[in-house]
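Numbering (my numbering), first residue to last: 920 to 1076. We put the CB at the ideal spot given by N, CA and C, even for glycine.
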Ligand code: THU
């Protein structure tokens, strides 16, 4: 799949399956609120994440961010879509910290889809731009930082 094209239905179906499977790997003994996430990169790869809590509650890391970190560590810096699964109905949307993290890796925030699923057929969908309008980016820095490229090893095959 090319970085600029909309994700295919088959990619999105695989993404949803991966996010549901990832929810089972959540470590959430304190909140008991298990979150699974799967993100699709421009190259068509899928990376998963789940929330990982800590007895020192503030150290908790959300599912969306663990998925972004897994992708970034593999050299992928272009999120095309992310699917988030919780047991909440209506489906829960990403927290503010995760929205900012998604913005970092969204080549065009108006095109990156955020799909939220609940335990049943309930679903909701937004773009990253809708979830974090007027967000802070590297463009505001001096000098501006734009178009951060992935390492060669992770670019499109
Ligand atoms: N959580 C996520 O994983 N993603 C979000 O966007 C919101 C909250 C997690 C953090 C914590 O482990 C639990 O859900 C309850 O807040």
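Out of 978, 1000, 953, the CA that lies nearest to the CA of residue 929 is found in 1000.
In the three-state scheme derived from DSSP, where H, G and I count as helix and E and B as strand, residue 985 is classed as helix. A residue is called buried when at least 16 other Cβ atoms come within 10 angstroms of its Cβ; residue 955 meets this threshold and is buried. Measuring C-alpha to C-alpha distances from residue 957 to each of 981, 950, 972 identifies 981 as the nearest. At least 7 Å separates the beta-carbon of residue 1035 from that of residue 1064. Between residue 998 and residue 1031, the beta carbon gap of about 6 Å places them in contact (Cβ cut-off 8 Å). DSSP places residue 934 inside the alpha helix (DSSP H), whose first and last residues are 928-942. For residue 960, the shortest C-beta to heavy atom distance toward ligand 1 is 6 Å or greater.
Annotated as proximal: residue 1010 and residue 1043, with beta-carbon spacing under 7 Å. Straight-line spacing of the CA atoms in residue 1028 and residue 986 works out to 17 Å.
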